[in-house]
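The structure appears below as structure tokens.
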Amino acid sequence: MSDRFSRDNAYGTILLNWWQKLEDDRASRAILRRAPTVTAVALSAPYQRLYRRFQAAGWNADSVSARDDRLAAIVGLLAHVTQDQPGSPAKAMSYKAPGEDRPLVSELRFTRLLESPDVDSLFAGLRRVLPIMEHRVDVIALADDILFWGDDRKKRWAYAYDWPARSAD
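With the working numbering, letter number 15 in the sequence shown gets 17, and the count goes up by one each step, no holes.
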């Protein structure tokens, strides 16, 4: 089985179904939203219940704990997402409202996200960015990007972000 998230594989289906049902499970959503760190998410009952579903589907057969931490980060962040908006998360961050010349997520804040050296700092940065994005992002794309966060994903984000033009002095 592929270890990626997509809308047409088991992991993506499990995650998307869980996220859709989270709307009605207000207690679990609240627990996950209040979790300030990846560790706090990993120690929560809502995450552990979902984690067991992933294990049943073949998740983490090789016992790579870094993948578990990334899954916890994904789950904690998706608790903050209220609308599944198709497209690149970086493109969504650079969206400019009609009549505006500045993106939702500033160039500086976006650059700081790209500089995230590990899943913990990425988690903290994205928790601050999601409200700015009005809690709208592609659920599966964000999950896959977090799972494989590294230089390749950082470059993809850099190319997808619509960098604001600098005015000539």
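Glycine residues also receive a C-beta, built at the ideal position from the N, C-alpha and C atoms. Owing to the predicted nature of the structure, the values given are computational and were not obtained by experimental measurement.
Closest by CA to G127, which one among D154, G78, P100 and E102? If you number the sequence shown from 1, residue 127 lands on position 125. Of the listed residues, the one whose Cα sits closest to G127 is G78.
Quiz prompt | Cβ distance (whole Å) where V83 is taken to contact V107 below 8 Å | solution = In the sequence shown, the residue the question calls residue 83 occupies position 81. In the sequence shown, the residue the question calls residue 107 occupies position 105. Taking the Cβ atoms as the reference, V83 lies roughly 15 Å from V107, outside the contact range of under 8 Å.
Any idea what DSSP makes of V139, helix, strand or coil?
Residue numbering aside, residue 139 sits at position 137 when the sequence shown is read from its first letter. V139 falls in the strand class under three-state DSSP.
Check your understanding: Does the pairing of the stretch 44 to 52 with the stretch 89 to 98 give three or more beta-carbon distances under 8 Å?
Key -> no
**Request:** Put D86 into one of helix, strand or coil per three-state DSSP.
**Result:** By 1-based counting over the sequence shown, the position of residue 86 is 84. Here D86 sits in strand by DSSP.
> Given that a residue counts as buried once 16 or more other Cβ atoms are within 10 Å of its Cβ, and exposed if not, what is L45?
Replying inline: The residue labelled residue 45 in the question sits at position 43 within the sequence shown. Within 10 angstroms of the beta-carbon of L45 lie fewer than 16 other beta-carbons, which makes it exposed.
Taking N11 as the reference, which of D146, R69, W165 and D120 has the closest Cα?
To locate residue 11, count along the sequence shown from 1; it is residue 9. Ranking the options by Cα distance to N11, first place goes to D146.
Q. Could you give the residue range of the alpha helix (DSSP H) that holds A81?
A. By 1-based counting over the sequence shown, the position of residue 81 is 79. Here A81 belongs to no alpha helix (DSSP H), and DSSP marks it neither H nor E.
Beta-carbon within less than 7 Å of K157's beta-carbon, same chain only, minus the 5 sequence neighbours each way: which residues are those? Looking up residue 157 in the sequence shown gives position 155. Cβ neighbours of K157 beyond the five flanking positions: none.
- Message: When you compare the CB positions of V40 and F125, do they come within less than 7 Å of one another, or not?
- Response: Start at 1 with the first residue of the sequence shown, and residue 40 comes out as number 38. Start at 1 with the first residue of the sequence shown, and residue 125 comes out as number 123. Yes, the Cβ-Cβ distance between V40 and F125 is below 7 Å.
Quiz prompt | K23 - DSSP class collapsed to helix/strand/coil | solution = On the sequence shown, position 21 is the one that residue 23 refers to. Helix, per DSSP.
Under 7 Å between the Cβ atoms of R129 and Q87?
-> The sequence position of residue 129 within the sequence shown is 127, counting from 1. The sequence position of residue 87 within the sequence shown is 85, counting from 1. In this structure, Q87 does not lie closer than 7 Å to R129 by Cβ.
_Quick check on W159: does DSSP put it in helix, strand or coil?_
Within the sequence shown, residue 159 is the residue found at index 157, counting from 1. The answer is helix: DSSP assigns W159 an H, G or I state.
| query | Smallest Cα separation from D164: which of G101, L144, D140 and P91? | reply | What you label residue 164 is simply residue 162 of the sequence shown in a count that begins at 1. Closest option to D164, Cα to Cα, is P91.
message = Mapping the DSSP letters down to three states, classify Y97 as helix, strand or coil.
response = Start at 1 with the first residue of the sequence shown, and residue 97 comes out as number 95. In the three-state scheme derived from DSSP, where H, G and I count as helix and E and B as strand, Y97 is classed as coil.
| From E117 to D153, what does the alpha carbon distance come to, in whole angstroms? | To locate residue 117, count along the sequence shown from 1; it is residue 115. To locate residue 153, count along the sequence shown from 1; it is residue 151. Each residue's alpha carbon lies about 10 Å from the other.
- Excluding the five sequence neighbours on either side, which residues of its own chain have a C-beta within less than 7 Å of the C-beta of W20, listed in chain order? For the purposes of this step, residue 20 is taken as residue 18 along the sequence shown, with counting starting at 1. Cβ neighbours of W20 beyond the five flanking positions: L52.
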